[in-house]
Every structure is written in C-alpha cells, then in structure tokens.
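*Asks:* Start counting the sequence shown at 1; every next residue gets the next number (full-length UniProt numbering). Glycine included, each C-beta is placed from N, C-alpha and C at the ideal position. Computed from a prediction, not measured in an experiment: that's the story for all the values here. Have a look at the structure that comes next, please.
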Amino acid sequence: MSRRRRRSTVRGLSRPAVQDYWSTSYNASASSSHHSLVTEDSSTFDDSADDDNGSLVIVNIPQKLSESPHVVRSESPVVIQESPVAPHAVQERSATHTRSVSTIRHSHSTHVHRKQVNLLPKSFTFAPSIPSWSAQVDVRKLCEHVILFTAAAITLVKFSLLPHEHWIVRELGTLTVVSALYMIATRPRCKLPQVVPHVEQGPRTRHVSPPPVKEESSQSLLWMTTPKDYRSDADDGVLTALLLGPITAASMLYATILTDISDGPYYPAGWLVDPPLYLSKSPHRLTPREALLNSRRSLVQFSTLCAFVLLTHLCTSNITTIRPKHDDPKDGERRMKRGLRSWAFVGYAISISAISVLFHVACDAMELAIWKDLSYFDVAVISSFYQFAVYVMIRLSHGGFTLGEVGLVGIGTTALFMEVINLTIAKIWPIATPYIKTTRYPTPLLIYQLSLVSGSISIGFMLSPLLVLSRHISKVPTHRLQRTSDKRHTKPVERETQRKALSISFFLFSLVIIFGLIGFWAQWCLGGKNPWIWILLWLTQGKTKWLRPAMLVYWAALGSFSVGAWGRQLSRSRRYHASNMAIHGTGIPPDPAFASSELPPAPSTPTMANGFAHVATDLLDAADRRVPTLSLNARRKSFHALAIFMFMPGIILDPAFTHFCLSAAFALFVFAEYIRYFALWPFGRILHIFLNEFIDSKDSGSAILSHFYLLTGFANSLWLEGPWRLLEFTGALSLGIGDAMASIIGRRRGRTRWMDGNPKTVEGTLAFLVSVLASNIVLRLVGVVEPFSLWRYTLVLGAGCLLEAVSNQNDNLTIPLFIWSMTVLSDVVR
C-alpha cells in the first residue's frame, strides 16, 4: 500500500478505531485534549480585566477542523497554527473569549468594554555612551529583580547584626553579587538604530526611516538542555532559582535563632505531636534545639551550594551554546542525539561534583569558612543529586517547568533526600554521629512525611521500566499495530493485554515496596514501633478522640462531592456539545476521547415502560443545559476555594494532623500523575481527560503540575515548621483568598494594568493585599494567631503582591515562600 493510500486509510478509520487510538495516545502534551478544537485563551492570566461578561455567543467551527481529529505532539512542545475560519466566526470570536467545550454561555450581565490604562511602560532602551553596554530593559523583569535583590539585602542586614552568623553574610553576599554580575553579563543586548540623514532628491526631500531596534534574546539554560525543554510562555526566572531558595533557608535559620533566644517551645500552640528524637548515646549530646540550629546552618550552606552549581551550569551553557547562523536563535538545539546528550550531562555533572569537593578541600586548607558545616560526603551527594533531579524533571516534563521553578523544586527535592540519608546514617552510627541533621525536628511527623513524599517518588524510579513500557505501548496507534502479517487482527488485543499486565504489575510491586521497604524503614526510625498501628492510635490522640476521624470524614466528603460534581457537569457539557454540533450540521464528529462507553447514554424520549424515570432524566438534562459554563480561570479558582474550605479548619483545629494529611495528599497526587502520565490501566485515560479541563498555558508540557503547586503552596507554610501560628496561614490565605480576590476584582473592576503586555492590574493587586491583611486581622481578633506588627506585615504583603504582579513564575509555588520568608526576616511577630 502506498504512503498516500495508507494515510487516507488512517483518516478513514471507523469510530471504534479512532476512539481506541485517542484513548491510548498519550504522546500529546498535557494540554492536548478537546481543547485543540475549542481553545480558551482567557485562562493565561489571573487578574486581567475580562471583556466578556457573559453574552450569549455561538461559535461556528469550520468544516476543515474535522479532517484531523487526532492531536499528537513531538518530543518538544510546538505551536500549532490555528486553522482558518469563516469571517463571521472570526468576528464573533474576537468579540468574546472562547470558553470551554460548551458552545453556549448564558448571560447574567451586559457586555461592557472598558478602556485599559498602563501604569508603566513595557520596556525602555538603556544606551549609555559605551556602545557595547546598550540594552533593552524589560520593566517587568526589572521590578522582579529589584524585589528579589531587596529581599537578599534584608537577609544580609539581619544576619550582619548577629555576632556568630557572619559567615552567612559572606556566602549569601557572594552569591548575590555573582548573580547580579551574571544578570548584567547575560542582559539582552539591542542594536541601536543608526541615524540616517535625509536624502536630497531634486526639489523633493525623502526621509529614510531608521531600522527598528532589534533585541538579542538570551535564555539561561542548564547544560545539555535547549529552550524547547522549558515552558515557552514565561521568562527563565533564573534569579528565582538562584536567590529564593537561599533566602528561604536563611529565614528558617533566623526563626530558629529567635526561638532559641526566647527559649520557647519546640512548636507553636496547638501542635499535638511527640517530642523530637535525639542521640542519647552520642558524646556530644546536643539538645533537639541545638541540633536543629546546626542543621539549619547546614541548610543555608546546602542551598548556596546548589545555587553555585546551577550558576556553573548556566555560565558553561551560555558560553558553549552553538547557534547556527541561519537558524532561529531560539532553536539553539545541539545536533546531538538525546542519549548522547544525557551521557554528556552525566559526565559534566560528575565533573562539577568533583570540582565542588576539591573547592571545599581548598577552603578548609586555607581556613575559609565556606560550607563549614558540610562534610565532603555531603558536598558530593548534594551536588550530584541536585543536578540529577533538575535534569530528570526537565527531561520528563517536556516544557512544563521554567528554570526558576525547576531550580526551586530541585532544592526542595534534594533537601528531602538528604534528610532521609542523614536519618539513616544517625540510626546506623548513633555514636559517631554528632546530631541528627534534619531541617525540621526529627519527630514521627517528619518520619511519616519522608516515608510518604520521598517514598512515592522513589517508587517511580524503582519501577520506571514498567512505567516507560506502559507509556510506550499506549503511544502506539492502533493502525500501526495491524500489519499485513496480522491476518487475525490480534495486535490491538495483545496491546491491551500488555497494558493491563504492566499496570497490575506496577500496583503489586508498589504495594510490596510500601509495606516492605518503606514500612520497615519507618518502623526502624520509630524505634521498633509498627507504623501502621502507630498511625491508627495517633488518630485518637487529638484534642478529642473524635476530632481527627471527623476531619477525615469531612475532607473525604467534600473532595468526593466536588470531584463528582465536576465530573458530571463536564461529561454532560461534552455530550451536549457533540449533540449541538450534530444538530447545527457542522460536520464535526464528537470528540473520540469522550465518546466512551463509560459515559451515560444520551437522553432519549420517554416511553410508557419507564416514562417516569426518563422524565426525571430529561428534567435534569434540561437543567444542565441551562447551567452557565464556567471559564477556565473560574474552574481553577474554584479549587483554590475548595482548598480553603478543606484545609483552613484543619490548620486552625489541628495543624500537626493537617501537616500529616497534606503529606499523604502529595503522595496520592504523585501516584495519580504516574497513572495519568504513563497511561496505566484502568484509570489513566479518565484522569487525563478530567485534569485537562483545568490546565492553562503553565501546563504546556507533558506533566500536569498545577495541582502539585497549589498543594505545595498550601502545605509549605506548615512543612517549614515556623515558630509562629501567623506563618501557618500564609499559603492558605495568599492562594485561597488573596489570589482568588485578585482574579475576581482584576477581571471585573480592573482598569489600570501594571505595564503594557502584563495582564495583572493594580486593582487586583490591591485586592490581594487588602483581603489577606483583613483575614489575618480577623484571625487575630478571634485569638487564632499571635499579635503582630500591622505596618510591618503590610509592607511584607505589599512586596509579595508586587512580586505576584510582575513575576511569570508559578505564583502558587513562589509567592507563599516569599511572604513566609519575609514575614520571619521582618520580625512581624515580636
């Protein structure tokens, strides 16, 4: 069969074949779903003014879109050019945002156009007398860098006033200066227009316009990665990767110093947890607070080590990046196979780790206090694992991270790994180990968190062959399995059998690892106590015996109701979308991803046999037709509100139990992403379809990370274990209330944008500030949080709101960390 005929045969597949191909084709990006037919461009921004207030709109989709219902992606994310549409469709779509799969939106308000005003320009040209120093300055990036450098300066000032912590000023100050020099050296240069005099042409004068200003784009890259490996709709965020992690580590150390000075309790009021472990047989006999103080000193050095390792990668990649003269500079992909690039990265990472160890040896020989609390073993393991973790996340996400996000997540992942290593070493050699080097108190709460979070990630690496095979089999289309030699057409059946076998094997081996390796490690760290029995007994050790079980029932009921309601609404929306298309004669077949036998059948005309049942079904279906379809931004913010209703009562009533449950939820999210990403039977397709309803441009890669960021943003305020109860509500209030209010007010009342090209509005930023501040004042009035300085906290929130307005990084991850750190360093609670 010729290639042309075979291609036409693929396009002419029957509906079951198309459905089977779609349901098992996981080679598409996380955003590849029915959104390829109806996109939602209003979801990129959080608090931009919404020009669409709900007018009734019917969008006609052209006939040409039905020719190619399949959506596949290459190894790197690409931009799919939009198909041409009819003029009347273009006019209608330009007047309003395109919403979800449903083509009809019901209006409750009138359509109002508001004029937008930009507070700041988008950029300006910095052109001193030195020609080589000309640069195109992005105002948004400039504001972000000023905020981060100011936070670093405040950190340096705080530690310069402490007599025994001047080494932090040297390490963090050196990192700040080197980061500033790197930003200046890699600034985007521009070619200034040449002044061209007017040309005399007889009696008439012709003015020659100067050529436009051209900017040379520069993106920071990890060694052996390309711009295609990162999220394309945001800047690299290199300063977030270099400074925000060390600033957070320094704030944790500062909080421990404040607690040590005041000789307060280990945890704030309301934490019901066992006392921390300590090495009673060690000759040093450090108290838990002294051990935590030394551990957090090493955490600061650990974070600066990771930053310098990343900076080495950036400098090397910037120097050695090969960009062909006639190619697009953004496509600076080395002409090297992926396997060779991976081996080249491994060799380079080993070299950087060896250089780090040699540098540490040289500093000790010269009596320089650089990484003084880290052993040579620590330096080697930290530098190696950090590079490995960052590279693996970049390669697996396929454009899901920016450099700033992956650098920050890499520091957190490496910190958890080092806590597991240090706990294990302390249990093996309790006499030779001076103290348990963990960044939080070594309580059973920490042991369970390491078992859940680190254990779930470790299961993915240990069972990676099964996962990779499952994804590979699921990516192969059905028509490629039916070869000429396969006369009985048994290949698809064998493929499904293999998928089921791989999925069952993964689940069985996961149970073996959980109840075997991870369970035995937790029991060993708990001093021989059975971890499963201990957690059952701990459920009854709250303020009352029924409080913690009641919280579990409340969370399960609320989560099940919300997921069930969203699933029902989305499935009916898709079904009526398909029926409306068939009625209006658009010629577009229903999306095969949703034409599944698992969905309930379409409503039919009631008969005499079961007329009452069908009448009730028709009434529900008619009500569903009239339910307004929420925009993507509204759907995403609804989960922010759901998180508030779920976790705020837990943080108020029992923060320790909420700490544990958030760790368990993170582990469940990791397993859910394994099932979706690697197409594990039988839930992979269902999760893929459901989560695609809530992704935006920040989930442009293969991995869907928004729910991880949201959960981590809520949980970090508890996981960092600060000394004040005010800190515990940072993530919940900033994301659940502040971010949601900024989106609502910015869209409905936003008039003034911060700058041209930035959708964030001044009104939305003020709503963020006022709502979070008012919420904390209410918590103070009811006695939940401690007395705090109102003007200091207002300044901290103002800086966090400005960073949220100008940063292109995922604010669910960065903003709670920034506000938490600056709240500690600003001495908001005295």
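Is the CB-CB distance between V796 and M822 below 8 Å?
*Replies:* In contact: V796 and M822 (Cβ atoms closer than 8 Å).
*Asks:* Assuming A250 contacts V300 (C-beta within less than 8 Å), just tell me the rounded distance between them.
*Replies:* About 5 Å separates the two Cβ atoms, so the contact holds.
*Asks:* Just mark V563 as buried or exposed, buried being the case when its beta carbon has 16 or more other beta carbons within 10 Å.
*Replies:* That one is exposed.
*Asks:* Would the region 668-685 count as touching the region 280-299 if we require 3 or more Cβ pairs under 8 Å?
*Replies:* Counting Cβ pairs under 8 Å, fewer than three are found: no touch.
*Asks:* Is F645 closer than 8 Å to L558 when the C-beta atoms are compared?
*Replies:* The answer is yes: Cβ separation under 8 Å.
*Asks:* For the alpha helix (DSSP H) containing R296, list its first residue and its last residue.
*Replies:* P288 to T320 is the extent of the alpha helix (DSSP H) around R296.
*Asks:* Grab me the residues of W223's own chain with a C-beta within less than 7 Å of its C-beta, minus the 5 sequence neighbours each way, in chain order.
*Replies:* Only H313, T316, S317, F345 and Y348 meet the Cβ criterion.
*Asks:* Under 8 Å: do the region 400-413 and the region 425-434 share three or more Cβ pairs, one atom per stretch?
*Replies:* Output reads no: the region 425-434 does not touch the region 400-413.
*Asks:* Please confirm if the region 140-149 is in contact with the region 768-779, defined as three or more CB-CB distances below 8 Å between the two stretches.
*Replies:* No contact exists between the region 140-149 and the region 768-779.
*Asks:* State yes or no: is the C-beta of N422 within less than 8 Å of the C-beta of T443?
*Replies:* No, the pair does not count as a contact, with Cβ atoms beyond the cut-off.
*Asks:* Quick one: what does DSSP say M822 is sitting in, helix, strand or coil?
*Replies:* Here M822 sits in helix by DSSP.
*Asks:* How many angstroms separate the CA atom of S464 from the CA atom of F515?
*Replies:* Straight-line Cα distance between these residues: approximately 19 Å.
*Asks:* For a test of the three-state rule: what should DSSP assign to S503, helix, strand or coil?
*Replies:* In this structure, S503 counts as helix in the three-state DSSP scheme.
*Asks:* Got a sec? Which residues, its chain only, sit under 8 Å from V772 by beta carbon, not counting five neighbours each side?
*Replies:* L733, S734, I737, G738 and L797, listed in sequence order.
*Asks:* Compare the beta carbon distance of P246 and L172 with 8 Å and say whether it is the shorter of the two.
*Replies:* Their beta carbons are under 8 Å apart, which means P246 touches L172 by this criterion.
*Asks:* Which value, in whole angstroms, describes the spacing of the CA atoms of L502 and R471?
*Replies:* Between L502 and R471, the C-alpha separation is close to 10 Å.
*Asks:* Does DSSP put S83 in a helix, a strand or coil?
*Replies:* Annotation note: pLDDT 41 at S83 (below 50); position unreliable, coordinate value reported separately. Coil at S83, not helix or strand.
*Asks:* Beta-carbon separation of P268 and P723 under 8 Å?
*Replies:* Their beta carbons are under 8 Å apart, which means P268 touches P723 by this criterion.
*Asks:* In this structure, does DSSP put N808 in helix, strand or coil?
*Replies:* The answer is coil: DSSP assigns N808 none of H, G, I, E or B.
*Asks:* Starting from the N-terminal side, write out each stretch of the alpha helix (DSSP H) that is 4 residues or longer and does not extend beyond the region 689-773.
*Replies:* Fully enclosed alpha helix (DSSP H) runs of 4 or longer: 706-719, 725-728 and 740-749.
*Asks:* Quick one: what does DSSP say S123 is sitting in, helix, strand or coil?
*Replies:* It is a strand residue.
*Asks:* Below 8 Å between beta carbons: does that hold for W820 and L727?
*Replies:* In this structure, L727 lies closer than 8 Å to W820 by Cβ.
*Asks:* Since Y674 is in the alpha helix (DSSP H), which residue starts that stretch and which ends it?
*Replies:* P655 to Y677 is the span of the alpha helix (DSSP H), which, as asked, contains Y674.
*Asks:* Could you check where the alpha helix (DSSP H) with W521 kicks off and where it finishes?
*Replies:* Taken as a continuous stretch (DSSP letters only), the alpha helix (DSSP H) holding W521 covers G519 to C525.
*Asks:* If you count every other CB in all the chains shown that lies within 10 Å of the CB of A151, and 16 or more means buried, which is it?
*Replies:* Its Cβ being crowded by 16 or more others within 10 Å, A151 is buried.
*Asks:* Hey, how far is the Cα of D138 from the Cα of L181?
*Replies:* Cα-Cα distance, rounded: 17 Å.
*Asks:* In terms of residue numbering, what span does the alpha helix (DSSP H) encompassing D378 cover?
*Replies:* Run containing D378: Y376 to S397, per the alpha helix (DSSP H) assignment.
*Asks:* What three-state label does DSSP hand N776 in the structure shown?
*Replies:* Of the three classes helix, strand and coil, the one that applies to N776 here is helix, per DSSP.
*Asks:* Excluding the 5 residues preceding and the 5 following K158 in the sequence, name in chain order all residues of the same chain whose CB lies nearer than 7 Å to its CB.
*Replies:* Taken in chain order, the residues that qualify are Y254 and L825.
*Asks:* Restricting to runs no shorter than 4 residues, where is the alpha helix (DSSP H) found entirely within the region 439-484?
*Replies:* 444-449, 455-462, 464-475 and 478-481, all fully within the region 439-484.
*Asks:* Quick one: is H166 buried, meaning 16 or more other Cβ sit within 10 Å of its Cβ, or exposed?
*Replies:* By the 10 Å Cβ count, H166 comes out exposed.
*Asks:* How long is the line joining the alpha carbons of D373 and R297, rounded to whole angstroms?
*Replies:* Looking at the two C-alpha atoms, the distance is approximately 7 Å.
*Asks:* So, is the C-beta of P655 closer than 8 Å to a C-beta in chain C?
*Replies:* The question asks about chain C, but that chain is absent: this structure has only one protein chain.
*Asks:* From S342 to L239, what distance separates their C-alpha atoms?
*Replies:* Distance between the alpha carbons of S342 and L239 is about 26 Å.
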